[in-house]
Structures are given as C-alpha cells and as structure tokens.
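**Student:** Pasting in a structure now, in structure tokens, and then I'll have a few things to ask.
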Amino acid sequence: MSTNLDTTNLKTDEMIINMGPQHPATHGVLRLILKLDGEIVRHVEPVIGHLHRAQEWQGQNRTLFQYQALIDRVDYLSGMFTSLAFAHACEQIDGCQIPPRAQYLRALVCEMNRISSHLLWLGTFLIDLGALFGFPFYPFREREKLLDLFEEIAGQRMMFNYIRIGGVQRDPKQSWFEKVRKFTAEFPDRINEYEAIVTQNPIVLKRTKGVGILDKSVAMDYGVTGPSIRGSGINYDLRKTRPYGIYPELNFEIPLGQNQGDTWDRYMCRILEMRQSNNLINQCLDKMPEGEILGKKQIAGLRIKAGEGFAAIESPRGVLGCYVISNGSDKAYRIRWRNPSFCNLAVLPSLLIGRPISDIMAIFGSIDVILPDVDR
Amino acid sequence: MLANSAELFKFTRLTLIWLTIIFGSVWGACFVVGVLIPTLLLHLGENEIFALLAQICQYLTPVIAILVFIPINAMFMVLVERRGLALFTVRMGPNRVGPDGLLQTAADAVKLLFKEDIIPTGADAWLFTLAPIIFFAPSIFGSIPLLAAITGNNDLFAITNLPTGIFFIIAASSVPVVGIVMGGWASNNKYSLVGGLRSAAQAISYEIPLVLSLVTICYLNQSLNVVEIASRQTGGFLNWNIFGGGALNGLDKYFNALINGSSNANDILQAYYPSNQWILTVIAIAGLVVSTIIAFFMYITAACAEVNRIPFDLPEAESELVSGYNTEYSGIKFAIFFLAEFTNLFIVSSIATIMFLGAGNNPIPQFLIDYLFKNVTFIPQTINAITQALSPLINQIHLINPITFWSVVWMIVKTYSLVFFAVLVRGTLPRFKIDQLMDFGWKRLIPLSLLVFFIVIFAKGVINTNV
C-alpha cells in the first residue's frame, strides 16, 4: 500500500444544517441555515418571521383602547416597556399631562420588569452554555416573586396592560410597596449567589471570554442597542443620553463592558444592570409622591388628537421605538415599531462566522433576542 | 437549617425504599437460582442430570443478578437524578406517580416500551437497530467481573473472579462508543452524525487518562484482579488505594498497637518506615498519597467524559445538537440507550469504589472498631445476639452471608455517593466546548496521568528498597 496518499482528489463537503425553528435552544422559532465545515460555521443565514402576528396592522384595525391590551405581546418578557413606548408616543401627540405619581410608578414597574427580563435571560443563557438542569432555575425563583408582584397590581403575570395612555391603570396598596422593598432588600444577595456560581466558574469563563467579540464600529453599523452595545463599551443608554419620564431625577450609572465586547462583557453588563435597577427601584420608592395616577380617562372610545409622534425608550434589550400617526379617531392611522431584538439579531451572522457550533448558542444567547420582538 | 429539609427527607426516604427494592429483588433472585433450586434439585434424587442442572443454576446466578439488577437500578438512578436535581434547584421534581413519585420512572419505562418503534426514512435500518444493542451489551458483560468484588468473593459468584478482571472491564467499556457512532451515522440526521463523531473523538482522548489512572492502582497492588485489589484494602480508610495503596499500612498498624497499649508500637513504625532514611521515605510516601489522590480525581473526570455526563456531555449537547446521537431514537431503542447510559454511570462509580475507595470494606479503621468494642461491650453483644438469632438463615438456608451482606452494604453506600456526586456536578456545571475538551484531555489529563504513573513507580521503588 502506498504511503503517499493523493489528497488532491479528496473531496470534502460543507454540511448544511437547519438549526430551528424547532430546536431546543433557538429561544422560540428562529431558524438558522448553517453551513458547517466540520464543527466550524462558514455561513449563517437567520430566517425570521415564524412568529409574525401583524402587531402593527392590528394596531390600525383596533381602537387605541383595545390595542393597549395587545402591545404587551410585542415583547412578552418586557411588556411594561412596550406599553410605555406606545403610551409615550400617544401622549406626545395628545399632549395630556401625566401625574407625577404615575411617572414614578411607571419607572418603578419598568425597572422591576427589566430585572425580571434579565433574570429570564440569565437562566436561558446558562442553558445555552449547557448548564441544563442545575443553576438556571435559581433566577426563576426571583422572577417568580416579581411576577407575583406584577400580578398584584396589574392582575396578570406577563401581559400586564398596566401602563395606559395618560398614566397607569391602578394605584397599588401600601402593602405592595412594602413587598417590593422586601424584594429589593434581599435581591443583591441573590445576585451575589448567581455570581458566586457563574462569574468565577472556569468553564463559563472559558466559554465566554474572547468569544463573539462585537466590535464597536460593527455594533454601530448594525444599530445594535441595549446591553449588547454597552458590553462593547459604547455608552448609549436612552435613560441617560435622551432622558424620558423621571429618569433625570434619579441617580444612577450606566454599566459598560470592561474588555473588548465579548460574550462575557455582555453577561457582566446585564448582571450590573440588575443591581442598578434594584437601586433605581429603591430610589423610586423613596421619592414616590402622592396624588393622581391617570391623566386621561380610560374609556372604550379613547381618542387622541390628530398628529404624529415617536417615542423611544430603553428596554431590557435596547432601544424600543414606537411611531404613531393619529387622525383624531379612536383608531391609530399608522403604527410602526422599532424593535431592539430585530436590529440586534442582524449582527448575529458577522459574529458567528468562523466559530465552532458550540459558540453559536453562547453568542446567540448573549445578545438576548426575543423572537416575538423580532417578528412582531 | 436547610430551606427544603422536607424535600430532603422525602428524597432520603425514596432512596432507601428504592435501594431496598433493588437489592431485595436481586438478593431474592440470586437466592432462588443459586441456592433454592439447586438444593431442591439435589433433594429430588441422586441423579446425574439433576446434579448437572443444579450446577448450571449456580453458574447462572451472576447472569440472573445482573439481568435483574440493571433495569431496576437504571429506573432508580433516573429517579435519583431527577429528584436530586430538583433538590438542588429549588423545585419539587416528579412527585405524582405512586407515593411521592416513587413509581415515576417505572411508568416512564412502561410508556417507552409501548411507544411506536420508528425507523426514520433514509436511515440504515440494520445499523439503526444494531446501535443500541452494541451500546448496551458491554454494560452487561463488562460488569460481570465486578460482581466477585462487590459480593466479597461469595462462592456463588466465584465464576466471575477473573484474574485479569480490570483489563476485561476496560476492554468492554471501550466498545459502547462504536454503538454511538453507528447510531449517529445510521440515523440519517446531521445532528446525530455530529454527535456520533464528537463521541468518537471524546472516547479516544479520555480513555487514555482513565486507563492510566487505573494502571497506577494495578501497579501499586501488583494485580489485575479486582477481588485481590479489593481484599488488599481491608481494615479502614488508611489502607484504601486512594491514600497511596498501602503506603499508610504501617500507620494503621502503628495506631492499632498504640491504642491497644502494645509495647512494640515503635518497632512496627520502624519496620514500615525505617528512620535511617526518613527524609526519602517521607517524600516517597507523600508522593504516593498525593499521586493516588490525583489519580482518583483524574479517574472521576475521565469517567464523566466516558459516560457522557455534564460537563462532558458533548455527544448529546442538548442546546447545540438537539439530542446528539439519539435524536432520532424513540420507544424501546431510546429506552435501551437510556438504560445503558445510567448503567455505565453505575459501573464507572463501582469501579472507582473498588479501585480507589476500598471496595466493600469498612471505612472505619479496624483499631477504632476494636477499641469501641472493648469499651462499649453492648455493641458486640448485640451483634452476636443478632447473628445468633439469624443463624438458621445464615447457616442452614444460606439466605444471608454476613461477609457478602456487609460488602454489598458498603459498596452501595460508596457507589451511590459517587452517583449522587455526579448528579451534583450535573446540577452545577455548564458544558465544555469540543476544542476545550480536547485541550483538556490531551494537554492536561494525559501528561498529568503519565506524571502520576511515574511518581508512583519511583515512590513504590523507594519504599520497597527501604523495607
């Protein structure tokens, strides 16, 4: 047998794999068409639209009052933020006054929602890293408490319909505030617990450090926002750079990634953001004024003035924009969403090419995409 | 105080009930096949055929023991895993089927047996069917040499006492990977294929440190026979292979003499550890003890990789490869894969117990027991009374053999502790990447295991020349 193998005629093929839409780790229904060379990804094509529910079209065919109840579904993990963006846009057109107590309540529930959203992200991110059965359940323990608190004020655990045009829906009881205080008092300890298991875990460090480096210029080109861009060291947080609501009155810092914008930085950014949100909740509770909570009467035939308005807020996943054109009737003439997940997902192929299969889920998990937010 | 102590209590109760079920049924089956039927046959008459049948029955005992043990044990281990993980992750776990979820996995097994057996389009039907069998078979025949060590060399299991036991086990344990690759290839599914190929790479890399750490112990004990290795570790944890494989024997004897007030305690110490070259001796002994402890942890790591447990479960890698090599399997074939996986976990744990943790030997040093019995006389009296009361069972019916009984009890305690440790690891760690896995295997574990092997050889040489 000849020892000189003729390798010139040896043919190797790239393997095409359809990852999703039914795959345990694509966070719902994302489909990735992967071209693999062995374990290395050569080409990625995300296919979206499996969860399209025509949220914008529905907004034009339902009354504003009806649509208010629907928009929590745009991004089901941060329903408060979608409601807030829509309310802001409508209030901008209408010019109605929002009572200060409602402003504070909005900030309070939004920050709580930010924590619950990041907690769910933490759990699923660890599942993506392969810690399937152990640790991921601990964040859900705290998230459960938050959802209970939401249920108490909004009557629902995820689809709140709490923030309305002109204010908020219900004034919580004093006991509710005490429960929130109890939660914020013990939450930093819980984050310490997560960090004790994850932050110094050698396997987590190996899987995340230097993986999926998101360059500053690439991030800006693709319009990446939220913790994903702050992980790359760009200080862009609408709560600071274009403040809305009562955020100018609150005292807080924007956590930024310390290294190069890898998966680890994005992880750390969210962990720090949870601590910061906890701090913001406490500030809101301390400064909570008394008074009215609703500046506009909530009736079935709710109308706003004619005009157009755009509001952008900082959701847990990035800049969430809502553009509304009203012709003065009880329905909006046109509604358009700018969703952070959609823009963040666009950057995925440039991060994945040249990486092994195992990194797909680590990187994809770290940019925190929610598929209903992508597809609307 | 533990927040979920009620759950912990339930978990403990469930474990004890299942262990009783498992070992009760295995014991019963062995008794019927190995003792009852042969005795009855011999009572029927002085016939050559009856004698032959009786002998065949006795020879069949180990096979019966394994065939009864493996399915029940796998059911128990799946339940332990699910309830244990629930315990670690502030959940309840399965608690609906039967009292306290006791029968959950039995119900699951029944469900899997009655599911439709699907062979996907484009799959190679022959290989697809053969793969689970090849995966499962080694866990049956590979565990046979262990039986002699587990039962404390009981007569009924003497047939399983192979002179090259550990060699046979290692050889058998490298077969399952063929089944995985075969299943991955035959499934006609790209995820399965990647899973199968990963498994092949992983098994080849991790078998080397696994074997080298076992070879270290075999060298220390100058034997490949598991029964002999087990019997060399009698008399307390100081004699276990994890602590230098007999390097601390002298210490054990010294303490024994010291506590019993014997005058020649120092002579014993002198005999084992001569003082004329004490620096060299101390270094050698310390080297031995440290190396064997490292060898133990290397074995545990490599064994985790060998049986595809987290953090080395890359062939399955749920978040990447859906379910890896068994993605396309369902029904009875999937059940066989599942069964084999948990049986393999049990086998590697029992190998660790036999090779490193003193097999079925008492972990409490003999001198402490002697001391206790001498001073608190009611304990030996009670034991004697119990032995007396059970003597018809022991001596006439041969239902219980005290040596086998205690050996099995300690094996159960140690092996299931290791299994529980594997569950704890699964509840804590994320998964490696394939290139990191290879790095860890080839660049860390293999050099380290070679280093440990050489240290052991030199240290053993130094001790032997001194004594």
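These protein sequences, in sequence, are chains A and B. Going by my numbering, the residue at position 232 of the first sequence is 214; the numbering climbs one at a time, nothing skipped. One rule links them: number in my numbering = place in the second sequence (from 1) + 521. The C-beta atom is built at its ideal place from N, Cα and C for all residues, glycine as well. These numbers were taken from a predicted model, which means no experiment stands behind them.
1) List the residues of chain B that Val186(A) touches, going by C-beta distances under 7 Å, in chain order.
2) For a test of your reading of the model: does the CB of Arg299(A) fall under 8 Å from any non-hydrogen atom of the ligand COA? Yes or no.
3) Are Val26(A) and Leu330(A) close, meaning C-beta to C-beta below 9 Å?
4) Which residues does DSSP list as the beta-bridge partners of Pro338(A)?
5) Counting only the same chain and skipping the five closest in sequence on each side, list residues whose C-beta sits under 6 Å from that of Ser60(A).
6) Taking 9 Å as the threshold (beta carbon to beta carbon), is Asp956(B) in contact with chain A?
7) Please decide whether Pro641(B) counts as near chain A, where near means a Cβ-Cβ distance under 9 Å.
8) Quick check: is the beta carbon of Ile345(A) nearer than 9 Å to any beta carbon in chain B?
9) Going by other Cβ atoms of all chains shown within 10 Å of its Cβ, with 16 needed for buried, is Pro271(A) buried or exposed?
10) Give the interface partners of Met(-3)(A) over in chain B, defined as CB-CB distance under 9 Å, in chain order.
11) Rounded to a whole number of angstroms, what is the C-alpha to C-alpha distance between Met(-17)(A) and Thr(-10)(A)?
12) Helix or strand or just coil, what does DSSP make of Val150(A)?
13) Under a three-way DSSP split, which group does Ala288(A) fall into?
14) For Glu360(A), count neighbouring Cβ atoms within 10 angstroms of its own Cβ and tell me buried if that reaches 16, exposed if not.
15) For the alpha helix (DSSP H) containing Ile648(B), name the first residue and the last one.
16) By Cβ distance, which residues of its chain are closer than 6 Å to Leu562(B), with the 5 residues on each side in sequence left out?
17) Would you report the Cα separation of Arg952(B) and Pro338(A), rounded to the nearest angstrom?
18) My guess is that Ile228(A) and Ala89(A) are in contact by the Cβ rule of under 8 Å, so how many angstroms apart are they, rounded?
19) Can you find a CB in chain B that lies within less than 9 Å of the CB of Tyr120(A)?
20) At a CB distance below 7 Å, what residues from the region 599 to 618 of chain B approach chain A? Give them in sequence order.
21) Just by C-beta distance, which residues in the region 809 to 837 of chain B are closer than 9 Å to chain A?
22) Which term fits Ile690(B), buried or exposed, when burial requires 16 or more other beta carbons within 10 angstroms of its beta carbon?
23) Count the C-beta pairs between the region 646 to 655 of chain B and the region 864 to 882 of chain B that are closer than 8 Å, then say yes if the count reaches three, no if not.
24) Which bits of chain B does Pro338(A) rub up against, with CB to CB less than 8 Å?
25) Should Leu914(B) be labelled buried (16 or more other beta-carbon atoms within 10 Å of its own) or exposed?
26) What does Ala113(A) touch in chain B if you count any residue whose Cβ is under 8 Å from its own?
27) Name the one or two DSSP bridge partners that Asn0(A) has.
28) May I ask you to report which of helix, strand or coil DSSP gives Tyr218(A)?
29) Is the CB of Leu196(A) under 9 Å away from at least one CB in chain B?
30) Could you tell me the alpha carbon to alpha carbon distance between Pro354(A) and Tyr86(A), rounded to whole angstroms?
31) Take Ile236(A) and list the residues in its own chain whose beta-carbon comes closer than 6 Å to its own, dropping the five residues that flank it on each side.
32) Under 9 Å between C-beta atoms, does Asp341(A) make it to chain B?
33) With DSSP run on the structure shown, which of helix, strand or coil describes Thr166(A)?
34) Does Ile853(B) come out as helix, strand or coil in the three-state DSSP assignment?
35) Look at the alpha carbon of Asn233(A) and the alpha carbon of Ile725(B), and state the distance between them as a whole number of angstroms.
36) Quick check on the DSSP output: what are the complete alpha helix (DSSP H) runs of length 4 or more inside the region 554 to 602 of chain B, in order along the chain?
**Tutor:** To lay it out plainly:
1) In the first sequence, the residue the question calls residue 186(A) occupies position 204. Chain B residues near Val186(A): Pro951.
2) No copy of the ligand COA appears in this structure; indeed no ligand is present at all.
3) Your numbering for residue 26(A) matches position 44 in the first sequence. Your numbering for residue 330(A) matches position 348 in the first sequence. Against a cut-off of 9 Å, the Cβ pair of Leu330(A) and Val26(A) comes out as a contact.
4) Here residue 338(A) is taken as the residue at index 356 of the first sequence, counted from 1. Answer is Ile22(A).
5) Your numbering for residue 60(A) matches position 78 in the first sequence. Contacts found: Asn95, Ser99, Ser297 and Pro298.
6) As a working note, residue 956(B) is residue 435 in the second sequence. Chain A contact via Cβ: present.
7) Looking up residue 641(B) in the second sequence gives position 120. So, not an interface residue.
8) Residue numbering aside, residue 345(A) sits at position 363 when the first sequence is read from its first letter. No, its Cβ sits nowhere closer than 9 Å to a Cβ of chain B.
9) Along the first sequence, one-based indexing puts residue 271(A) at 289. With fewer than 16 other Cβ atoms within 10 Å, it is exposed.
10) Counting from one through the first sequence, the residue named residue -3(A) turns up at place 15. Result: Lys711, Leu714 and Val715.
11) Taking the first residue of the first sequence as 1, we reach residue -17(A) at position 1. Taking the first residue of the first sequence as 1, we reach residue -10(A) at position 8. Per-residue confidence for Met(-17)(A) stands at a pLDDT of 47, beneath the threshold of 50, marking its modelled position as unreliable; no derived number is given.
12) The residue you call residue 150(A) lines up with position 168 of the first sequence. If DSSP states are grouped into helix, strand and coil, Val150(A) belongs with the strands.
13) Residue 288(A) sits at position 306 when you count from the first residue of the first sequence. Reduced to three states, the DSSP call for Ala288(A) is coil.
14) In the structure displayed, chain A extends from -17 to 358; residue 360(A) sits before or after that span and is not available.
15) Position 127 of the second sequence, counted from the first residue, corresponds to residue 648(B). According to the sequence shown, residue 648(B) is Leu rather than Ile. Looking at the DSSP string, the run of the alpha helix (DSSP H) that includes Leu648(B) is Ala646 to Phe662.
16) Position 41 of the second sequence, counted from the start, is the residue given in the question as residue 562(B). For Leu562(B), where only same-chain residues beyond five positions count, the Cβ hits under 6 Å are Phe571, Leu574 and Ala575.
17) As a first step, residue 952(B) must be located in the second sequence, where it is residue number 431. As a first step, residue 338(A) must be located in the first sequence, where it is residue number 356. Taking the straight line joining both Cα atoms gives about 14 Å.
18) Counting from 1 along the first sequence, the entry for residue 228(A) is found at position 246. Counting from 1 along the first sequence, the entry for residue 89(A) is found at position 107. At roughly 5 Å, the Cβ-Cβ gap stays under 8 Å, so Ile228(A) and Ala89(A) are in contact.
19) Along the first sequence, one-based indexing puts residue 120(A) at 138. True, the Cβ-Cβ gap to chain B drops below 9 Å.
20) Leu606, Phe609, Thr610, Val611 and Arg612
21) Ile831, Pro832, Asp834 and Leu835
22) Translated into positions along the second sequence, residue 690(B) becomes position 169. Buried, by the Cβ-count rule.
23) no
24) Stepping through the first sequence from its first residue, residue 338(A) is reached at position 356. Per Cβ cutoff of 8 Å: Lys954, Ile955 and Asp956.
25) For the purposes of this step, residue 914(B) is identified with residue 393 of the second sequence, where counting begins at 1. The residue in question, Leu914(B), is exposed, as its Cβ has fewer than 16 Cβ neighbours within 10 Å.
26) Position 131 of the first sequence, counted from the start, is the residue given in the question as residue 113(A). Chain B residues near Ala113(A): Ile831, Thr949, Leu950, Pro951 and Arg952.
27) Here residue 0(A) corresponds to residue number 18 of the first sequence, with the count starting at 1. Paired residue(s): Ile15(A).
28) Here residue 218(A) is taken as the residue at index 236 of the first sequence, counted from 1. Here Tyr218(A) sits in coil by DSSP.
29) Here residue 196(A) is taken as the residue at index 214 of the first sequence, counted from 1. No, its Cβ sits nowhere closer than 9 Å to a Cβ of chain B.
30) Counting from 1 along the first sequence, the entry for residue 354(A) is found at position 372. Counting from 1 along the first sequence, the entry for residue 86(A) is found at position 104. Looking at the two C-alpha atoms, the distance is approximately 28 Å.
31) Counting from 1 along the first sequence, the entry for residue 236(A) is found at position 254. These residues qualify, in order along the chain: Asn217, Asp219 and Lys222.
32) Taking the first sequence and counting its residues from 1, one reaches residue 341(A) at position 359. Yes, Asp341(A) counts as interfacial toward chain B.
33) Here residue 166(A) corresponds to residue number 184 of the first sequence, with the count starting at 1. Helix.
34) Here residue 853(B) refers to the residue found at position 332 of the second sequence. Here Ile853(B) sits in helix by DSSP.
35) Residue 233(A) sits at position 251 when you count from the first residue of the first sequence. Residue 725(B) sits at position 204 when you count from the first residue of the second sequence. Distance between the alpha carbons of Asn233(A) and Ile725(B) is about 57 Å.
36) 558 to 565
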